[in-house]
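Structure first, commentary second.
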Amino acid sequence: MLKTEGFIIRKIPYGDNSAILKVFTREEGLMSFIVHGMQRKQGSNAPRSQLMNHVSLVYYPGGYSSLLRVKEIQASGIYAPLFQDPIKVQVLLFSAELLNLLLEERAADPSLFAALEAYFNHLNHTENCTLSPLWFLLNLLKNQGVAPHLHFDNHTIGFDPNSGNMIQDETLIDRAHYLGMPGCHLAKQLMHTDLEAITALESTAEVRTATFDQIQVFCEQHLLHGKRLKSVEIIREVLRH
């Protein structure tokens, strides 16, 4: 028997009462497990299958198979309070969608796993998570080596998410498709501010949503390579609070 722990980032129904769980682990990155008793509400494993739940697994060696059979699954309970807050749950689901689009099977990323743990601890203790999803998006880009280069001077008017370049001449681009300087300043602050300090940053709902809209476009093009995020409107609502 082998053991591991990690965060559930995707659940796929399999048969009448089983599911395939995609779990992001510290040691081996994304792993796929088949777990029985996951689909029916009375199933013994059903309560543990919530997306982004932190779980411990005991599983059988898979040989050449990438789909591993689970003997036992337990929720750690460390982050249980998060799942009682509907806004934080939406933030977690956005994080799960991002990771699901990004991660590849058996590609370990210990620094990203550590960042995710820190993010969960932050969400578990903060009362204000308005800026949290935008911080997560920007710092995921930074972690993966494709952060937007927000270097500006007195002549810079904004950031173009399509090219990834700063703009100095507004005649070169439609104003609706670039991030203005207030958003550039906010994004740069978020990339250089610890999680514990982001609640002290000042911003308006308009600047937050505009920043998210353009950084999301940048992420889809430069990190996700054309894959589209579906939970955008939900996160925009979080950022408006």
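If you're matching positions, the sequence shown starts at 1370 in the working numbering and goes up one per residue.
Glycine included, each C-beta is placed from N, C-alpha and C at the ideal position.
Distance CB(residue i)-CB(residue j) smaller than 8 Å
i     : j     : result
Q1583 : P1502 : no
I1447 : V1607 : no
N1493 : L1451 : yes
Q1558 : L1570 : yes
C1553 : F1528 : yes
E1397 : R1475 : yes
E1486 : K1599 : no
Nearest residue (CA-CA) to residue i, options the options
i     : options                    : result
H1441 : V1427, A1449, P1450        : One point to set straight first is that residue 1441 is Glu, not His, in the sequence displayed. The shortest C-alpha separation from E1441 is found at V1427.
K1372 : P1382, Y1383, V1392, Q1453 : V1392
G1514 : M1560, L1399, I1403        : M1560
S1435 : A1449, F1463, I1403        : I1403
N1523 : E1466, M1535, E1589, L1510 : M1535
T1568 : W1504, R1597, L1420, D1478 : W1504
L1472 : L1598, I1603, L1593        : L1593
D1385 : G1398, E1396, H1405        : H1405
M1484 : R1475, F1581, E1474, S1464 : It is worth fixing the name first, because residue 1484 is Ala in this sequence and not Met. Residue S1464 is the option with its Cα nearest to A1484.
V1460 : L1500, S1418, R1577        : L1500
H1546 : I1526, L1555, D1563        : I1526
N1572 : L1555, F1581, T1562        : The displayed chain sequence assigns Ser, not Asn, to residue 1572. Considering only alpha carbons, the answer is L1555.
T1578 : I1604, Q1590, L1598        : I1604
V1424 : L1507, L1437, R1609, Q1443 : Q1443
N1508 : A1449, P1430, T1562        : T1562
M1421 : A1449, P1430, R1438, G1431 : A1449
S1418 : G1375, H1591, Y1429        : G1375
H1610 : G1431, S1445, D1538, E1496 : E1496
L1462 : R1438, L1506, P1430        : L1506
G1431 : F1521, D1538, M1370        : M1370
L1438 : F1482, Y1488, Y1383        : What sits at residue 1438 in the sequence shown is Arg, not Leu. Taking only the C-alpha atoms, the option nearest R1438 is Y1383.
6 Å CB neighbourhood of residue i in its chain, flanking five on each side removed
i     : result
M1400 : V1392, T1394
R1330 : Nothing in the structure corresponds to residue 1330, since the chain is present only between 1370 and 1610.
P1551 : V1576
F1489 : Y1448
I1429 : Looking at the sequence shown, residue 1429 is not Ile but Tyr. If we look at Y1429 and ignore the five residues flanking it on each side, its Cβ neighbours are R1438.
F1482 : R1395
Neighbourhood of residue i by C-beta, 8 Å cutoff - its chain only, sequence neighbours within 5 removed
i     : result
E1565 : H1491
V1458 : L1451, F1452
L1480 : For the record, residue 1480 in the displayed sequence is Ser; it is not Leu. Excluding positions up to five away in sequence, the list reads N1512.
L1519 : F1528, M1535, C1553, A1556, K1557, M1560
Q1537 : H1524, T1525, I1526
Spatial neighbours of residue i in its chain, beta-carbon cut-off 7 Å, leaving aside the 5 residues before and after
i     : result
F1587 : P1517, P1530, G1533
T1580 : L1503, L1548, G1552, L1555, A1556
H1591 : V1515, G1533
D1478 : G1398
Min CB distance residue i to chain B below 8 Å
i     : result
P1430 : Absence of chain B from the displayed structure is noted, only one protein chain being present.
Whole-Å CB distance - residue i paired with residue j, under 8 Å assumed
i     : j     : result
I1377 : I1389 : I1377 to I1389, Cβ: 11 Å. No contact.
K1596 : E1589 : 6 Å
Heavy atom of the ligand PLP within 7 Å of residue i beta-carbon
i     : result
L1371 : As far as ligands go, the structure on display features none, and thus does not contain the ligand PLP.
Problem set entry | Whole runs of the beta strand (DSSP E) within the region 1518 to 1553, excluding any shorter than 3 residues | Listed in chain order, the complete beta strand (DSSP E) runs (minimum 3 residues) inside the region 1518 to 1553 are 1527 to 1529, 1534 to 1536.
Exercise. Which residue spans inside the region 1370 to 1408 form an unbroken beta strand (DSSP E) run of at least 3?
Worked result: For the region 1370 to 1408, whole beta strand (DSSP E) runs of length 3 or above, ordered along the chain, are 1371 to 1383, 1387 to 1394, 1398 to 1405.
Problem set entry | Segments of 4+ residues assigned as alpha helix (DSSP H) that fall wholly inside the region 1439 to 1486 | Listed in chain order, the complete alpha helix (DSSP H) runs (minimum 4 residues) inside the region 1439 to 1486 are 1455 to 1471.
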